[in-house]
Amino acid sequence: MTTKKLKRLTIILTILLIAITFLIIYKHYQRYNQEYNATKTYEETSKDHKKIGELKTVVDANNHDIEEVNRYLEQVKFNGTAAVFENGQLKLNKGYGMKNFKEDEKNRADTLYLIGSSQKFTTGLMLKQLVNEKKLNMNDPVTKYLPWFKTTQPITLNQLMQHKSGLYKYSASPQYKSLDEAVHAIQEKGIEPKYYNKNRYNDANYLVLSRVIEEATSKSYVKNFENRLANPYNLNFTAFFNDTDYQNNMAIGYKKDKTSSNPVKQTPNILDQYYGAGNLFMAPYDMGQLILSLQKNEIFDDKITQPLLHESLTSQYPEPYRYGFYSLPDKNRINGGFFGQVFTAYFNNKYIIVLGTNYENSQTNNEKKIKHIYYDILKQGGPYNIVGQKY
Numbered sequence: 028m029t030t031k032k033l034k035r036l037t038i039i040l041t042i043l044l045i046a047i048t049f050l051i052i053y054k055h056y057q058r059y060n061q062e063y064n065a066t067k068t069y070e071e072t073s074k075d076h077k078k079i080g081e082l083k084t085v086v087d088a089n090n091h092d093i094e095e096v097n098r099y100l101e102q103v104k105f106n107g108t109a110a111v112f113e114n115g116q117l118k119l120n121k122g123y124g125m126k127n128f129k130e131d132e133k134n135r136a137d138t139l140y141l142i143g144s145s146q147k148f149t150t151g152l153m154l155k156q157l158v159n160e161k162k163l164n165m166n167d168p169v170t171k172y173l174p175w176f177k178t179t180q181p182i183t184l185n186q187l188m189q190h191k192s193g194l195y196k197y198s199a200s201p202q203y204k205s206l207d208e209a210v211h212a213i214q215e216k217g218i219e220p221k222y223y224n225k226n227r228y229n230d231a232n233y234l235v236l237s238r239v240i241e242e243a244t245s246k247s248y249v250k251n252f253e254n255r256l257a258n259p260y261n262l263n264f265t266a267f268f269n270d271t272d273y274q275n276n277m278a279i280g281y282k283k284d285k286t287s288s289n290p291v292k293q294t295p296n297i298l299d300q301y302y303g304a305g306n307l308f309m310a311p312y313d314m315g316q317l318i319l320s321l322q323k324n325e326i327f328d329d330k331i332t333q334p335l336l337h338e339s340l341t342s343q344y345p346e347p348y349r350y351g352f353y354s355l356p357d358k359n360r361i362n363g364g365f366f367g368q369v370f371t372a373y374f375n376n377k378y379i380i381v382l383g384t385n386y387e388n389s390q391t392n393n394e395k396k397i398k399h400i401y402y403d404i405l406k407q408g409g410p411y412n413i414v415g416q417k418y
């Protein structure tokens, strides 16, 4: 090799090395910038977040059914907080068992639980708001809002909302440090062809929708949540996982050890990527209040609210599942579970029941408990929602 060629090769390698170094530095800067902006957003929104001190324990001693609910939860050693509204009035709001086993701290009426996929309900409400404001169209392809989200088949916002996108099941990783990184990972993995346009529940769908909300509004998911739901509807006992003001109110999640049957603490390490699909903490009371606001047409007018709650198997709502919750013949249902915590709500035009647990310590899980309360104690379950015809 001549001296001239060697010199040229050295220059090329040097330029290549500089380019690689620049790319690495840029990637690190990009990640730092995302984390910084996220932190800044939490600081800004926490200043706006209302706090009212504490929620008092409520058990309506004049209501036989409510006393029976309380006795049942004590009998099955329920570990969590229950809130029950009857005809819009709070009848039960009480903590049971332990919030923190190590520190011997008990659950209270104002304990906050990681609500997991129940957060999709709040994401769904914000989507519906944006549709009404004509900032979103659910028939639009995702690429209208996220041009880089290219897939082998077109995916609409409706397909995401109904869990029909066909996207590969989301595999969370501590490597992803933001919602944006998670959504890029989802796009790179793409569509699993056999599930395209077929029902398959997938967190990926609502993570992408949450990123769409950010793009459509030019605001973070957190800021949207604060402005659209938390502040207007007085969700004073609701907070994102890293809100330092609420850390003392947040329950620790546990799972039962298969050998010793002792509670084992769960340590979430992926919540920073789960905006819109699983990183929100709520007191059951707050979820009840949000549902009540929806039922009372305070979030949408009657023409939007009633079909949203009651209609299914129609052109507008072809499935029981819509916007993060279920419209079933005898009730509406919200449910989520994450890192040992489970958060479930059943409601109709008379009752709203919300159970948040941080430790399922028996064979009677959260769903079985709320079913027993709804059907056997409160004697609900008759015709409620409309199936197969427009409301």
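Residue numbers for the sequence shown follow the working numbering, so the first one is 28 and each next one is one higher.
Every residue, glycine too, gets a C-beta built ideally from N, C-alpha and C.
Here the structure is a predicted model, which means the values were calculated and not measured.
Check: Three-pair Cβ contact test at 8 Å for the region 299-315 versus the region 104-119; Outcome: yes
Check: 6 Å Cβ shell around residue 124 - same chain, five flanking residues per side excluded; Outcome: 106 and 134
Check: Residue span of the alpha helix (DSSP H) that contains residue 320, given as start and end; Outcome: 311-322
Check: Backbone CA spacing between residue 288 and residue 306 [nearest angstrom]; Outcome: 27 Å
Check: From 241, 166, 174 and 176, residue whose alpha carbon lies closest to that of residue 184; Outcome: 166
Check: The region 229-245 / the region 143-156 touching (three or more Cβ pairs under 8 Å); Outcome: yes
Check: Euclidean distance between Cα positions of residue 83 and residue 310; Outcome: 12 Å
Check: Residue 117 versus residue 308: straight-line alpha-carbon distance, rounded; Outcome: 20 Å
Check: Bridge-paired residues (DSSP) for residue 168; Outcome: 183
Check: C-alpha distance - residue 416 paired with residue 336, whole-angstrom precision; Outcome: 13 Å
Check: contact_flag[the region 86-98, the region 385-397] where n(CB pairs < 8 Å) is 3 or more; Outcome: no
Check: Three-state class that DSSP yields for residue 368 in the structure shown; Outcome: strand
Check: Proximity below 8 Å, CB of residue 350 to CB of residue 154; Outcome: yes
Check: Where the alpha helix (DSSP H) through residue 113 begins and ends; Outcome: No alpha helix (DSSP H) holds residue 113; the beta strand (DSSP E) holding it covers 107-113.
Check: Residue 116, DSSP secondary structure in three states; Outcome: strand
Check: Distance between residue 275 and residue 130 (C-alpha atoms, nearest Å); Outcome: 12 Å
Check: Inter-residue spacing [alpha-carbon to alpha-carbon] between residue 341 and residue 271; Outcome: 44 Å
Check: Candidates 281, 254, 375 and 38, of which the one nearest residue 354 by Cα; Outcome: 375
Check: Minimum length 3: unbroken beta strand (DSSP E) runs contained in the region 324-400; Outcome: 352-355, 358-365, 368-374 and 378-384
Check: Where residue 235 sits in the DSSP three-state scheme; Outcome: helix
Check: Integer-rounded CB distance, given that residue 327 should sit under 8 Å from residue 159; Outcome: 7 Å
Check: Residue 321 versus residue 157 - alpha carbon distance; Outcome: 16 Å
Check: C-beta atoms of residue 235 and residue 210 nearer than 8 Å; Outcome: yes
Check: As assigned by DSSP and simplified to three states, the class of residue 142; Outcome: coil
Check: Residues of its chain near residue 333, where Cβ-Cβ distance is below 6 Å and the 5 sequence neighbours each way are ignored; Outcome: 418
Check: Integer Cβ distance of residue 363 from residue 370, believed to fall under 8 Å; Outcome: 5 Å
Check: Nearest-angstrom Cα separation, counted from residue 412 out to residue 356; Outcome: 5 Å
Check: Assigned exposure category for residue 80 - 16 Cβ within 10 Å defines buried; Outcome: exposed
Check: Cross-strand partners of residue 266 (DSSP beta bridge); Outcome: 308
Check: Residue range of the unbroken beta strand (DSSP E) whose run includes residue 246; Outcome: Note, residue 246: premise wrong, no beta strand (DSSP E); not H, not E.
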